[in-house]
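Count the sequence shown with the UniProt record's numbering and you get residues 1 to 156, in order. Ideal placement from N, C-alpha and C gives every residue a C-beta, glycine not left out. One structure is given below, encoded as C-alpha coordinates.
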Amino acid sequence: METLLKHWGEQCRCNGEGGGMGSPMATIMEWGGCAPRGTPGSRIILGAGAGPDGVTQEVAAALSEIGRQDERGERLARLAARRYGDDPTPSWLMQMHQAGFASTGRQTYYDLVHALHLRLLQVLTRRAETRNHIATRRTGQLQSVLKVASKSRRVS
1 METLLKHWGE QCRCNGEGGG MGSPMATIME WGGCAPRGTP GSRIILGAGA
51 GPDGVTQEVA AALSEIGRQD ERGERLARLA ARRYGDDPTP SWLMQMHQAG
101 FASTGRQTYY DLVHALHLRL LQVLTRRAET RNHIATRRTG QLQSVLKVAS
151 KSRRVS
(Lines of atoms letter the chains of each structure in order from A; the text may use other names.)
(Lines give C-alpha, C1' and ligand atoms only; values in the text may rest on other atoms or scores of the structure.)
Protein backbone atom coordinates (compact mmCIF):
# COMPACT_ATOMS: atom_id res chain seq x y z
CA MET A 1 0.00 0.00 0.00
CA GLU A 2 2.86 2.33 0.79
CA THR A 3 4.27 1.93 -2.73
CA LEU A 4 0.86 2.52 -4.33
CA LEU A 5 0.29 5.65 -2.29
CA LYS A 6 3.77 6.99 -3.06
CA HIS A 7 3.08 6.40 -6.77
CA TRP A 8 -0.28 8.17 -6.41
CA GLY A 9 1.35 11.16 -4.72
CA GLU A 10 4.09 11.42 -7.33
CA GLN A 11 1.61 11.20 -10.22
CA CYS A 12 -0.64 13.84 -8.66
CA ARG A 13 2.33 16.16 -8.15
CA CYS A 14 3.66 15.66 -11.70
CA ASN A 15 0.46 15.37 -13.74
CA GLY A 16 -2.25 16.83 -11.53
CA GLU A 17 -5.36 14.98 -10.47
CA GLY A 18 -7.24 15.62 -13.69
CA GLY A 19 -6.03 15.82 -17.21
CA GLY A 20 -6.15 13.44 -20.07
CA MET A 21 -5.89 13.93 -23.77
CA GLY A 22 -7.53 16.97 -25.32
CA SER A 23 -10.88 16.72 -27.02
CA PRO A 24 -11.35 17.50 -30.73
CA MET A 25 -13.15 20.73 -29.80
CA ALA A 26 -10.23 21.79 -27.59
CA THR A 27 -7.85 21.17 -30.51
CA ILE A 28 -9.99 23.33 -32.78
CA MET A 29 -10.05 26.10 -30.18
CA GLU A 30 -6.30 25.84 -29.57
CA TRP A 31 -5.29 25.98 -33.24
CA GLY A 32 -8.12 28.18 -34.48
CA GLY A 33 -9.27 25.39 -36.79
CA CYS A 34 -7.83 22.01 -37.67
CA ALA A 35 -4.42 21.22 -36.21
CA PRO A 36 -1.46 21.01 -38.62
CA ARG A 37 -0.92 17.57 -40.14
CA GLY A 38 2.84 17.21 -40.39
CA THR A 39 3.57 13.94 -38.65
CA PRO A 40 0.95 11.32 -37.87
CA GLY A 41 0.06 10.69 -34.24
CA SER A 42 -0.47 12.77 -31.16
CA ARG A 43 1.60 15.92 -30.60
CA ILE A 44 1.32 15.57 -26.84
CA ILE A 45 4.21 13.78 -25.17
CA LEU A 46 2.69 11.38 -22.68
CA GLY A 47 3.61 12.17 -19.12
CA ALA A 48 3.64 15.91 -19.77
CA GLY A 49 0.06 16.90 -19.04
CA ALA A 50 -1.54 13.69 -20.25
CA GLY A 51 -2.97 13.13 -16.78
CA PRO A 52 -2.49 10.43 -14.20
CA ASP A 53 -2.23 6.75 -15.13
CA GLY A 54 -4.88 4.11 -14.44
CA VAL A 55 -3.40 2.95 -11.13
CA THR A 56 -3.34 6.51 -9.87
CA GLN A 57 -6.96 7.03 -10.86
CA GLU A 58 -7.99 3.84 -9.01
CA VAL A 59 -6.14 4.92 -5.86
CA ALA A 60 -7.68 8.41 -6.09
CA ALA A 61 -11.17 6.91 -6.45
CA ALA A 62 -10.54 4.61 -3.48
CA LEU A 63 -9.30 7.51 -1.34
CA SER A 64 -12.39 9.51 -2.29
CA GLU A 65 -14.56 6.59 -1.24
CA ILE A 66 -12.69 6.34 2.08
CA GLY A 67 -13.24 10.07 2.60
CA ARG A 68 -16.99 9.64 2.13
CA GLN A 69 -17.32 6.72 4.58
CA ASP A 70 -17.25 8.61 7.87
CA GLU A 71 -15.48 11.43 9.71
CA ARG A 72 -12.43 9.29 10.47
CA GLY A 73 -12.26 8.24 6.83
CA GLU A 74 -12.29 11.89 5.79
CA ARG A 75 -9.38 12.57 8.12
CA LEU A 76 -7.50 9.52 6.84
CA ALA A 77 -7.93 10.74 3.26
CA ARG A 78 -6.56 14.15 4.31
CA LEU A 79 -3.64 12.40 6.03
CA ALA A 80 -2.92 10.53 2.78
CA ALA A 81 -2.91 13.82 0.88
CA ARG A 82 -0.45 15.33 3.37
CA ARG A 83 1.80 12.27 3.70
CA TYR A 84 2.05 11.32 0.02
CA GLY A 85 0.92 14.38 -1.93
CA ASP A 86 3.11 17.12 -0.48
CA ASP A 87 6.71 17.62 -1.52
CA PRO A 88 8.62 18.04 0.71
CA THR A 89 6.62 15.89 3.11
CA PRO A 90 5.69 17.76 6.31
CA SER A 91 6.73 16.32 9.65
CA TRP A 92 4.49 13.65 11.13
CA LEU A 93 3.29 16.11 13.77
CA MET A 94 2.33 18.69 11.13
CA GLN A 95 0.55 15.98 9.10
CA MET A 96 -1.50 15.01 12.17
CA HIS A 97 -2.43 18.65 12.79
CA GLN A 98 -3.36 19.35 9.15
CA ALA A 99 -5.44 16.17 8.91
CA GLY A 100 -7.43 17.18 12.00
CA PHE A 101 -6.19 14.64 14.55
CA ALA A 102 -5.77 15.98 18.09
CA SER A 103 -3.31 13.34 19.32
CA THR A 104 0.39 14.15 19.22
CA GLY A 105 1.76 10.64 19.76
CA ARG A 106 4.13 9.21 17.17
CA GLN A 107 2.74 5.68 17.63
CA THR A 108 -0.77 7.04 17.06
CA TYR A 109 0.45 8.50 13.76
CA TYR A 110 1.81 5.14 12.62
CA ASP A 111 -1.40 3.43 13.75
CA LEU A 112 -3.39 5.89 11.62
CA VAL A 113 -1.16 5.24 8.60
CA HIS A 114 -1.71 1.51 9.12
CA ALA A 115 -5.49 2.08 9.36
CA LEU A 116 -5.32 4.07 6.12
CA HIS A 117 -3.48 1.22 4.41
CA LEU A 118 -6.05 -1.33 5.63
CA ARG A 119 -9.02 0.73 4.47
CA LEU A 120 -7.37 1.38 1.12
CA LEU A 121 -6.70 -2.34 0.65
CA GLN A 122 -10.34 -3.16 1.47
CA VAL A 123 -11.73 -0.56 -0.93
CA LEU A 124 -9.35 -1.48 -3.77
CA THR A 125 -10.15 -5.18 -3.31
CA ARG A 126 -13.90 -4.50 -3.36
CA ARG A 127 -13.56 -2.33 -6.48
CA ALA A 128 -11.51 -5.04 -8.26
CA GLU A 129 -14.05 -7.74 -7.33
CA THR A 130 -16.90 -5.58 -8.60
CA ARG A 131 -15.06 -4.93 -11.86
CA ASN A 132 -14.33 -8.66 -12.31
CA HIS A 133 -17.96 -9.53 -11.56
CA ILE A 134 -19.18 -7.09 -14.21
CA ALA A 135 -16.67 -8.41 -16.75
CA THR A 136 -17.73 -12.00 -16.03
CA ARG A 137 -21.41 -11.16 -16.45
CA ARG A 138 -20.76 -9.40 -19.75
CA THR A 139 -19.14 -12.46 -21.28
CA GLY A 140 -22.04 -14.72 -20.33
CA GLN A 141 -25.74 -14.13 -20.53
CA LEU A 142 -25.65 -10.36 -20.95
CA GLN A 143 -23.62 -10.62 -24.16
CA SER A 144 -26.13 -13.00 -25.72
CA VAL A 145 -28.98 -10.64 -24.83
CA LEU A 146 -27.08 -7.78 -26.48
CA LYS A 147 -26.53 -9.84 -29.64
CA VAL A 148 -30.23 -10.66 -29.87
CA ALA A 149 -31.13 -6.99 -29.38
CA SER A 150 -28.68 -5.83 -32.02
CA LYS A 151 -29.94 -8.42 -34.54
CA SER A 152 -33.56 -7.40 -34.00
CA ARG A 153 -32.74 -3.77 -34.91
CA ARG A 154 -31.35 -4.69 -38.33
CA VAL A 155 -33.50 -3.80 -41.30
CA SER A 156 -33.16 -5.97 -44.41
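| Asked | Found |
| --- | --- |
| With 16 as the cutoff for other CB atoms within 10 Å, does residue 66 come out buried or exposed? | buried |
| Is it the case that the Cβ atoms of residue 80 and residue 116 are separated by a distance below 8 Å? | yes |
| Rounded to whole angstroms, what is the Cα-Cα separation between residue 95 and residue 28? | 44 Å |
| Does DSSP classify residue 14 as helix, strand or coil? | helix |
| Between the beta-carbon of residue 60 and the beta-carbon of residue 120, is there less than 8 Å? | no |
| Can you tell me which of the three DSSP states residue 75 falls into? | helix |
| Round the Cβ separation of residue 82 and residue 98 to the nearest angstrom and send it over; I've been treating them as touching at under 8 Å. | 5 Å |
| What is the rounded straight-line gap between the Cα of residue 87 and the Cα of residue 106? | 21 Å |
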